[in-house]
Amino acid sequence: FNNQNGLKQIGNATYVETAVSGEAQVGEAGSEGYGNILSGSLERSNVDITEELVNLITAQRNFQASAKAIETTTTLTTTIINIR
2 FNNQNGLKQI
12 GNATYVETAV
22 SGEAQVGEAG
32 SEGYGNILSG
42 SLERSNVDIT
52 EELVNLITAQ
62 RNFQASAKAI
72 ETTTTLTTTI
82 INIR
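For the numbering used here, add 1 to where a residue sits in the sequence shown, where the first one is 1.
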């Protein structure tokens, strides 16, 4: 891209081109203006561990609430059947 600062962020590590950024440029790695590919290198994580843990805890609490609702429904159904 002619102007990387013009890219629009649509996710944690996802961007789309805009009129300000210009079109994507294709080239050979290692040539003038392009980065290098280093084999055997490790890429740093692009995940926010704090956000993911919060999402995990939220999902776990939602699951527990759903399980409790099903348990309550089962108890009510059993009680109604026993009343008859």
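Glycine residues also receive a C-beta, built at the ideal position from the N, C-alpha and C atoms.
Between the beta-carbon of F64 and the beta-carbon of Q26, is there less than 8 angstroms?
no
So, for N4: in the same chain, excluding its five sequence neighbours on each side, which residues have a beta-carbon less than 7 angstroms away from its beta-carbon?
V21, S22 and G23
Tell me whether V55 sits in a helix, a strand or coil according to DSSP, three-state version.
helix
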